[in-house]
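Below: the structure, in structure tokens.
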Amino acid sequence: MTAVTATLTPAPSAELPPPASPRGRGLAERLSAYAYIAPFFVLFGVFGLFPLAFTFYVALFDWNPIGDQVFIGTDNFTRMFADPRFWNAAGNTVSIWALSTIPQLLLALVLAHVLNNARLRFALFFRMSVMVPYITSVAATAVVFAQLFDRDYGLLNWLLGLVGVEPVDFVQSTWGSHVLIATMVTWRWFGYTTLLYLASLQSVPRAVFEAAAIDGAGPWQRFRHITVPSLRPVIIFTVVTSTIGGLQIFTEPLLTGSGLTCGAVRQCQTLTLFLYEQGFGQFEFGYGSAIGVALFVMVVAIAAINFVLSTRIKADR
Amino acid sequence: MKLRLPLLCTATVLALATACTPGTGGGGGGDGKSFEFWSFSAINQKLTVDAYQAKHPDVQIKLTEVGSSTETAQSLTTALAGGKVPDLVLIQGDNLPQFVDQPQNFVDLRTLGADDVKGDYLDWVWKQSVAKDGEVLGVPTDVGGMAVAYRTDLFAAAGLPTDREAVSALWPTWDAFIETGKRYKQATGKAFTDNAATSVFYQAVNQVSEKYYSDDRKVVYGTNPQVKAAFELGIKAATSGITAGQSSFESAWSAGMGQGAYAAVSAPSWMLNSIRSTAPDTKGKWDIARIPGASGNWGGSYLAIPKGAKNPQAAWNYIKEMQSPAGQLEHFTRVGALPSTPSVYKDPKLTDGKDPFFSDAPTGKIYTESLLGLKPFYIGPDSAAIGQEFLDAITNVEQGGGNPATAWDDAVRNIKTAIGE
Chain A
12 MTAVTATLTP
22 APSAELPPPA
32 SPRGRGLAER
42 LSAYAYIAPF
52 FVLFGVFGLF
62 PLAFTFYVAL
72 FDWNPIGDQV
82 FIGTDNFTRM
92 FADPRFWNAA
102 GNTVSIWALS
112 TIPQLLLALV
122 LAHVLNNARL
132 RFALFFRMSV
142 MVPYITSVAA
152 TAVVFAQLFD
162 RDYGLLNWLL
172 GLVGVEPVDF
182 VQSTWGSHVL
192 IATMVTWRWF
202 GYTTLLYLAS
212 LQSVPRAVFE
222 AAAIDGAGPW
232 QRFRHITVPS
242 LRPVIIFTVV
252 TSTIGGLQIF
262 TEPLLTGSGL
272 TCGAVRQCQT
282 LTLFLYEQGF
292 GQFEFGYGSA
302 IGVALFVMVV
312 AIAAINFVLS
322 TRIKADR
Chain B
18 MKLRLPLLCT
28 ATVLALATAC
38 TPGTGGGGGG
48 DGKSFEFWSF
58 SAINQKLTVD
68 AYQAKHPDVQ
78 IKLTEVGSST
88 ETAQSLTTAL
98 AGGKVPDLVL
108 IQGDNLPQFV
118 DQPQNFVDLR
128 TLGADDVKGD
138 YLDWVWKQSV
148 AKDGEVLGVP
158 TDVGGMAVAY
168 RTDLFAAAGL
178 PTDREAVSAL
188 WPTWDAFIET
198 GKRYKQATGK
208 AFTDNAATSV
218 FYQAVNQVSE
228 KYYSDDRKVV
238 YGTNPQVKAA
248 FELGIKAATS
258 GITAGQSSFE
268 SAWSAGMGQG
278 AYAAVSAPSW
288 MLNSIRSTAP
298 DTKGKWDIAR
308 IPGASGNWGG
318 SYLAIPKGAK
328 NPQAAWNYIK
338 EMQSPAGQLE
348 HFTRVGALPS
358 TPSVYKDPKL
368 TDGKDPFFSD
378 APTGKIYTES
388 LLGLKPFYIG
398 PDSAAIGQEF
408 LDAITNVEQG
418 GGNPATAWDD
428 AVRNIKTAIG
438 E
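Protein sequence lines, in the order shown, are assigned to chains A and B. When you read off a place in the first sequence, starting at 1, and then add 11, the result is the number in my numbering. When you read off a place in the second sequence, starting at 1, and then add 17, the result is the number in my numbering.
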């Protein structure tokens, strides 16, 4: 309608600034920038911000999805802090994170150092193959590992049996289930981390390594004094990202143990699994949301640490 | 282990929808002929659906096997919250109370004529789907009844009798059952039964006259001596070394069943189908004996119509025809699920039915007998959660090295944390 009206009223058009004027183009350009970034912010608003805000809101209720919703203030949080299941899940999460991240980063560090070696034959083949676990479906990984680690029919216990070791019940014992899940996480992520380290190492001039070698530095000294220091920023980055990932670990424990509790005494139930159990197993939406809020706070805290550390490293340089 | 991921994704998507659409949609608007039916897997509802469609070619039924009974109930909850519901849904008895507590989510079947057929069903089974103001939410499709399935070949190898009467005589009580297990273990060195939690505790605790709730609907799990006695039987079995430590329906349990890792397994009537499909190669090697204590019920399911159903009338027509005494009797001959309609209990089709998979055991006769002399108990909204904590406590003693002396107190404490009372 407006367009039609505009064509029928010739007088103002003469007074309008010409379309090519810098001011008009500037406005359109400035607006177009917002149009370009709008899809992300619209999607983020709908699928990111709204659910987040709604979670905070629901956390204040005793919320039965098919019944009543009663406002109870911060009761869900008081209950959570007094709930041994919450602390158990938090402990399991930290334990599984430590058991997976530390070996994974060490392994990746060594592998990256080796793969960066100029004299390595078929280097490209090896660099590609460390990525295979990463592109494997996590569900498939969990199913295969659960079978390998099975108490009665697992390959691992069969091998242990050959050397006279009693079969280990990896799923039912606390440490066993943590080791099993950590192994899966390590296996899945070490290739990704290796490539990150390798990419960073490639930016170190090869001459530095060669000069060190000529000066008589052995492989260990080169690793200790060149590889590790030059990787420091990316090491911090991987520690932080794997910590955030570790807090959210879900699929592996879900597919390892029996059900949402991940075993009879919740021995491998992580925070996200506990959240899911309360929210979608027991349908205590309010309580589940409170756990979600707690998880959110933890992740934000770690992201903040990341920010502080990386700024400091930049300043060091 | 199996099939959890697809469900999980569905649940998440539905949960997102929940956030935006409070309440449920209105009913009606269907063509009166087609309807969507959610069932759980492993109970072969497809056979019955096919039979119905053969008789009514103009009716379209979309059957979805959602997952286990618990997963089906969970998906139903999300669906009810999200507003996009099936027209007909099968709910397992243990999951029913939480829905009976919120009757506004379902069609009151009295409006479709439930009162006319009420008299056909076992009274105590019917009562479990009646809400506080008398709304009828579900029609019982079957009842469990209880028995023990055992491997005749393994019993023979252990020097135990194999005839089902002689085997039933081995265990008039649960203590005798555990003693038989010890004899078996001594003779073969192998485990006697799959696990203590379901094969001993869960069967024993379903033989009581009062379970986790009293008849006036108060929570009594912690003080009821009958529950404690059943729990102690479970602990006794767990510590006696006669169990394989395989939780029901886990992958190792399935593998063990095929390989004869255990010789006896708890067998409410619906379990027979699981045994058939889990270990098809063991056909003819099984037989069925009476449960220690002779009577009791475990399980059974209900058909309900959610309030937002597009086509409640078509769903009700299906219920009325297929869950009539004649319909249930026919379903029994197809899959062996025990009817909830006592008028057919003397029918020769039921009493003379023999199951070749289980050495021609007269399953209908054995299971209906286990329902005689039964003292029904009230099942409350938290019964399933309470039962799960008890099961977990026994499993922990059996598999995780938990302390049998403190198991009861631990379980009671965990239940308090879980349900708040």
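The beta-carbon is built from N, C-alpha and C at its ideal position, and this holds for glycine as well. The structure displayed is predicted, hence computed values, not measured ones.
Roughly how many whole angstroms lie between the Cα atoms of residue i and residue j?
i: T281/A; j: F375/B; result: 42 Å
i: L22/B; j: F201/A; result: Only weak support exists for where L22/B lies, its pLDDT of 38 falling under 50; the coordinates are left without a value.
i: L206/A; j: N99/A; result: 34 Å
i: Q224/B; j: K392/B; result: 8 Å
i: T262/A; j: L271/A; result: 11 Å
i: A148/B; j: T128/B; result: 14 Å
i: Q416/B; j: E386/B; result: 34 Å
i: V429/B; j: T283/A; result: 25 Å
i: L167/A; j: A173/B; result: 33 Å
i: I77/A; j: V83/B; result: 19 Å
i: I252/B; j: I411/B; result: 6 Å
i: A101/A; j: Y287/A; result: 14 Å
i: Y230/B; j: I308/B; result: 24 Å
i: T185/A; j: R96/A; result: 14 Å
i: V66/B; j: I108/B; result: 16 Å
i: R243/A; j: V215/A; result: 13 Å
i: A332/B; j: Q405/B; result: 32 Å
i: T104/A; j: F285/A; result: 11 Å
i: T179/B; j: T215/B; result: 23 Å
i: V143/A; j: T197/A; result: 13 Å
i: S226/B; j: K207/B; result: 34 Å
i: V217/B; j: P421/B; result: 15 Å
i: A223/A; j: R217/A; result: 10 Å
i: P398/B; j: L306/A; result: 29 Å
i: W425/B; j: A93/A; result: 21 Å
i: I324/A; j: S241/A; result: 12 Å
i: G162/B; j: F82/A; result: 43 Å
Would residue i be called buried (16 or more neighbouring beta carbons within 10 Å of its own) or exposed?
i: W191/B; result: buried
i: F209/B; result: buried
i: W11/B; result: What the structure shows of chain B is the stretch from 18 to 438, and residue 11/B is not part of that stretch, so it cannot be assessed.
i: R234/B; result: exposed
i: V231/A; result: For the record, residue 231/A in the displayed sequence is Trp; it is not Val. Looking at its Cβ environment, which holds fewer than 16 other Cβ atoms inside 10 Å, W231/A is exposed.
i: N431/B; result: buried
i: M274/B; result: buried
i: N128/A; result: exposed
i: V239/A; result: exposed
i: L31/B; result: Here the model assigns L31/B a pLDDT of 40, short of 50, so the residue's position is not dependable, and the following value carries that caveat. That one is buried.
i: S43/A; result: exposed
i: Y47/A; result: exposed
i: A358/B; result: For the record, residue 358/B in the displayed sequence is Thr; it is not Ala. Buried.
i: Q278/A; result: buried
i: L289/B; result: buried
i: K202/B; result: buried
i: V439/B; result: Nothing about residue 439/B can be read from this structure; chain B reaches only from 18 to 438.
i: A39/A; result: exposed
Spell out the partners DSSP gives residue i in its beta bridges.
i: W141/B; result: Looking at the DSSP assignment, W141/B forms no beta bridge with any residue, so it has no partner.
i: F330/A; result: No statement about residue 330/A is possible, as the shown extent of chain A runs from 12 to 328 and does not include it.
i: A321/B; result: V106/B, G155/B
i: E53/B; result: K79/B
i: V147/B; result: V153/B
i: A378/B; result: D372/B
i: L355/B; result: V160/B
i: T260/B; result: T210/B
i: V236/B; result: Y230/B
Could you give the uninterrupted runs of the beta strand (DSSP E) lying entirely in the stretch 276 to 319 of chain B, keeping only those of 3 residues or more? 281 to 283, 303 to 306
If the cut-off is 9 Å on Cβ atoms, which residues from the stretch 396 to 412 of chain B count as contacting chain E, listed in chain order? The chain inventory of the structure shown lacks chain E, comprising the protein chains A and B.
I'd like the ranges of any alpha helix (DSSP H) spanning at least 4 consecutive residues and lying wholly in the stretch 156 to 185 of chain B. 169 to 174
May I ask you to verify whether the stretch 281 to 293 of chain B touches the stretch 154 to 167 of chain B, counting CB pairs closer than 8 Å and requiring at least 3? yes
So within the stretch 78 to 141 of chain B, which uninterrupted beta strand (DSSP E) runs reach at least 3 residues, ignoring any that extend past its ends? 78 to 82, 105 to 109
Spell out a yes or no on whether the stretch 144 to 158 of chain B and the stretch 111 to 121 of chain B are touching, meaning 3 or more CB-CB pairs, one atom from each, closer than 8 Å. yes
Taking 8 Å as the cut-off, does the stretch 142 to 155 of chain A touch the stretch 225 to 243 of chain A (at least 3 CB pairs, one atom from each stretch)? no
Give a yes or no on contact between the stretch 296 to 310 of chain B and the stretch 252 to 270 of chain B, applying the rule of three or more CB pairs nearer than 8 Å. no
Decide yes or no for the touch test of the stretch 55 to 69 of chain A against the stretch 93 to 100 of chain B: beta carbon pairs closer than 8 Å, at least 3 of them. no
Pairs of beta-carbons, one from the stretch 175 to 188 of chain B and one from the stretch 305 to 321 of chain B, closer than 8 Å: are there three or more? yes
Counting pairs of Cβ atoms below 8 Å between the stretch 243 to 257 of chain A and the stretch 105 to 118 of chain A, do you hit three or more? yes
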